[in-house]
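Below is one structure, written out as structure tokens; comments come after it.
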Amino acid sequence: MKMQKDVVPASTSAPLQAQFVTITEEEAGQRIDNYLLRVCKGVPKSHVYRILRSGEVRVNKGRIDQLYRLVEGDVVRIPPIRLAEKPDNHVPAAEFAIIFEDSHLLVIDKPAGVAVHGGSGVSFGVIEQLRASRPDAKFLELVHRLDRETSGLLLLAKKRSALTSLHEQMRDGLTDKRYLTMVAGDWKNARQHIKLALHKYTTADGERRVTVSDEGGQPSHTIFSLLKKFDGYALLEAELKTGRTHQIRVHLSSSGFPIVGDDKYGDFALNKALQKATDTRGALKRMFLHAHQITFTHPESGKNMTLNAPLAAECERFLVSLGKPLN
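FYI, the UniProt record's numbering numbers position 241 of the sequence shown as 241, with every residue one higher than the one before it.
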């Protein structure tokens with residue numbers, strides 16, 4: 001019988017006891033430190049590493065170090081851990097438009113304005129809401145991430161083997177991710193490669209930002225294809241060859257073609273005008289960036305899969321408001 005893995009909070013009157021947890025097939029392969037950080041939610045990372053160093057955590061009755069990788073059938077002793085009391089941050093259960101689902105994968109169409117996970121001032125995101133709505137799910141993890149204001153395809157793994165397979169495919173460049181975006185400016189080329197090194201940094205108020213920098217920047221490559229050209233705007237398809245933070249946004253902004261509605265790297269005066277547009281068809285209150293297509297190999301069947309998500313309604317309305325394209 002599988003033991004309850006939640007850490008006993010300080011507010012309970014029951015005496016704290018060590019727990020003995022048997023590792024399942026889906027949990028196997030993780031490092032013991034990462035496993036403990038996941039199951040001991042709310043416990044400071046420093047404390048998790050302290051109980052590892054002290055030998056209070058045991059696997060099959062023996063001491064292990066933090067690099068030990070769990071094997072199916074391992075019995076892990078988790079010592080009594082007392083949490084400081086904190087308010088109940090309730091996560092509302094939510095489901096999202098499902099593009100594809102089977103026993104290994106869940107692919108949803110994420111709306112704009114929803115974070116993929118909690119953190120950085122956001123108490124919860126897509127992954128926490130999906131877990132709340134699927135309490136019986138043994139495993140559910142994000143395969144990749146989307147910016148909060150980006151809509152479209154988001155992959156989640158329902159098995160650790162699927163997560164590992166898809167991460168390997170992405171690392172080896174075997175997946176194909178495409179985005180639709182509207183930029184401001186007179187875009188010329190039918191197909192354009194942008195290769196600019198990107199450097200991540202944090203602002204004084206804790207906000208994550210990215211800038212173009214050859215010194216310390218990571219090599220980044222995006223291919224842009226012109227789909228439709230309008231007076232002052234262009235609809236592009238972006239093909240990611242690398243997957244850096246804010247890559248599409250910074251590559252376009254640094255090239256003089258900010259994404260319409262981008263509140264970090266965009267044309268702020270234009271964004272404000274579009275938000276206040278009296279004609280609702282021409283108004284845009286979000287960033288026009290949508291993950292519309294992804295191609296990968298199914299981790300179990302080996303079948304090549306291409307999934308699509310239709311352009312979000314608010315972006316479609318803005319696109320229609322621009323009238324007939326020039327090209």
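The beta carbon of each residue, even a glycine, is placed where N, CA and C say it ideally should be.
- DSSP places Gln192 in the uninterrupted beta strand (DSSP E) bounded by 191 to 195.
- One alpha carbon belongs to Ser253, the other to Thr242, and they sit about 17 Å apart.
- With a minimum length of 3 residues, the unbroken runs of beta strand (DSSP E) contained wholly in the UniProt domain "Pseudouridine synthase RsuA/RluA-like" (104 to 254) fall at 105 to 110, 151 to 157, 176 to 184, 191 to 195, 198 to 202, 208 to 212, 221 to 230, 233 to 240.
- Annotated three-state conformation of His90 is coil, per DSSP.
- Taken atom to atom, the span from the alpha-carbon of Asn304 to that of His298 is near 6 Å.
- A distance below 7 Å between beta-carbons, with the five flanking residues on each side excluded, links Thr175 to the following residues of its chain, in chain order: Gln169, Ile294, Thr295, Phe296.
- Taking a cut-off of 8 Å on C-beta distances, the region 217 to 237 touches the region 190 to 201, as three or more cross pairs fall below it.
- Runs of the alpha helix (DSSP H) lying entirely within the region 263 to 309 and spanning at least 4 residues, in chain order: 268 to 275.
- Ile259 carries a strand assignment under DSSP once its states are collapsed to helix, strand and coil.
- Bounds of the beta strand (DSSP E) holding Ala97 are 97 to 101.
- Nearest to Gly232 by C-alpha distance, out of Thr202, Ala115, His199, Trp187, is Trp187.
- In its chain, beyond the 5 residues on either side, Val183, Ala184, Gly185, Trp187, Ala234 have a beta carbon closer than 8 Å to the beta carbon of Phe257.
- If you draw a straight line from the Cα of Pro325 to the Cα of Leu274, it is about 19 Å long.
- Here Ala132 is not near Lys158, since their CB atoms are 8 Å or more apart.
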